[in-house]
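In my numbering, the protein residues as written are 11 to 230.
Below is one structure, written out as structure tokens, with a few remarks after it.
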């Protein structure tokens with residue numbers, strides 16, 4: 011999907027389809043639950059800065075903004091993505107009332123200042139090699155002031171074949187259908203994440219979530 015051969019209109023449609031998929035499969039629910047726990051001891055009047063790594067079309071950030079509105083919290087949200095077309099699509103889908111900014115860049119070269127309270131990332135780490143994933147976990151631990159959370163896919167036959175049916179029935183773009191099955195095949199099992207956490211040497215907790223999701227997080 012990130013190939014230069016994919017034109018801007020097709021890329022925008024793919025990100026829109028992925029946003030629909032995320033809503034249908036409750037992709038962001040584990041992240042919101044983690045944010046509930048991570049912010050529990052913070053006064054409602056305390057502003058919270060949150061960075062989303064590999065934000066794509068920004069649907070996680072918009073979901074977090076709605077979470078903050080329901081919770082009576084003030085948030086400052088930023089997304090970073092390597093593909094410059096992501097920011098264009100994300101800005102077009104984000105209302106001016108939402109306190110969300112989007113930047114383009116390589117996360118490993120990014121040094122957010124001041125450090126965000128929380129850093130989140132959804133379905134990005136399975137695109138990385140093991141060495142890159144270890145580096146990413148260390149980057150998160152070095153740059154988040156209060157904690158970080160990584161959400162990703164659990165590798166399993168049920169979502170692999172179920173996604174094919176869902177994507178076909180929903181008439182999502184063929185690129186989304188293809189990339190989706192590849193992503194599920196590249197997903198993680200909890201034991202694999204624990205090995206990556208151990209290799210990174212970060213004090214993080216690995217968790218599993220329904221439906222077929224895994225997460226790594228640290229609070230504090």
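Cβ coordinates follow ideal geometry from the N, Cα and C atoms, glycine included.
DSSP, read as helix, strand or coil, puts residue 161 in strand. The closest CA to that of residue 72, considering only 56, 199, 155 and 102, is found on 102. By the Cβ criterion, the region 76-94 is in contact with the region 112-123, since at least three pairs of Cβ atoms, one from each stretch, lie closer than 8 Å. Distance from residue 130 to residue 41 at the Cβ level is roughly 5 Å; contact confirmed, criterion being Cβ atoms closer than 8 Å. If one requires a minimum length of 3 residues, the beta strand (DSSP E) runs lying completely within the region 38-102 are 58-63 and 85-91, in chain order.
At least 8 Å separates the beta-carbon of residue 170 from that of residue 95. Three or more Cβ pairs drawn from the region 157-171 and the region 223-230 lie within less than 8 Å of each other, which places the two stretches in contact. In the same chain as residue 182, and ignoring 5 residues on each side of it, the C-beta atoms closer than 6 Å to its own belong to 27, in chain order.
Per the DSSP secondary-structure output, residue 128 pairs in a beta bridge with 60 and 157.
DSSP places residue 170 within a helical segment (H, G or I) once states are collapsed to three.
When the beta-carbon positions are compared, residue 38 and residue 61 stay at least 8 Å from each other.
In the DSSP assignment, residue 29 falls within the unbroken alpha helix (DSSP H) covering 18-34. Taking the C-beta atoms as reference points, residue 74 is found no nearer than 8 Å to residue 63. At a Cβ-Cβ threshold of 8 Å, residue 145 and residue 218 do not count as neighbours.
In terms of Cβ geometry, residue 24 and residue 192 do not form a close pair [threshold 8 Å]. DSSP places residue 113 within a strand segment (E or B) once states are collapsed to three. Following the DSSP letters along the chain, one finds residue 190 inside the alpha helix (DSSP H) bounded by residues 184-195.
In terms of Cβ geometry, residue 173 and residue 190 form a close pair [threshold 8 Å]. Rounded to the nearest angstrom, the gap between the Cα atoms of residue 155 and residue 127 is 5 Å. CA-CA distance, residue 136 to residue 125, rounds to 25 Å.
Non-local beta-carbon contacts of residue 199 in its own chain, meaning distances under 7 Å to residues more than five positions away in sequence, involve 164 and 165 in chain order. Counting the other Cβ atoms within 10 Å of the Cβ of residue 123 gives fewer than 16, which makes it exposed. Where residue 224 is concerned, the enclosing beta strand (DSSP E) starts and stops at 223-229.
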